[in-house]
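Visitor: Below is one structure. I have some questions about it.
In our numbering, the protein residues as written are 2 to 99.
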């Protein structure tokens with residue numbers, strides 16, 4: 002989802018996303034968040050993974066906002082994208098160049 006999303010494009014997902022979300026992000030904006038319905042039913046975003054492994058791999062620009070946790074290897078090889086997440090798995094933010 003949102004592979005190499007270009008500047009000027011915003012992708013919003015109510016729910017969750019798989020591995021490699023926003024891989025190679027190059028200027029666009031991505032937001033992933035659980036629906037209000039599941040939160041009302043007791044789902045706690047900050048205690049659960051909402052995006053899979055290797056999100057934002059090789060991102061060069063843009064913004065990503067995830068309400069909840071990310072899997073492993075989050076934001077690896079990032080060289081300019083901004084990311085907001087409520088927790089990550091192992092090995093996040095490796096090999097960043099900026």
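In this text, a Cβ means the ideal position worked out from N, Cα and C, and glycines have one as well.
Name the two residues that bound the continuous beta strand (DSSP E) containing residue 52.
Guide: Here residue 52 refers to the residue found at position 51 when the chain shown is read from its first residue. Its beta strand (DSSP E) spans residues 50-52.
Visitor: When we look at the beta-carbon of residue 30 and count the other beta-carbons within 10 Å, is it buried (16 or more) or exposed?
Guide: On the chain shown, position 29 is the one that residue 30 refers to. With 16 or more Cβ atoms within 10 Å of its Cβ, residue 30 is classed as buried.
Visitor: Unbroken beta strand (DSSP E) runs of length 3 or more, entirely within the region 8-35: which are they?
Guide: Here the runs fully enclosed are 11-15, 27-34.
Visitor: Could you check where the beta strand (DSSP E) with residue 39 kicks off and where it finishes?
Guide: On the chain shown, position 38 is the one that residue 39 refers to. From DSSP, residue 39 is part of no beta strand (DSSP E) but of the alpha helix (DSSP H) over 37-41.
Visitor: Name the two residues that bound the continuous beta strand (DSSP E) containing residue 83.
Guide: Your numbering for residue 83 matches position 82 in the chain shown. Here the beta strand (DSSP E) through residue 83 covers 83-85.
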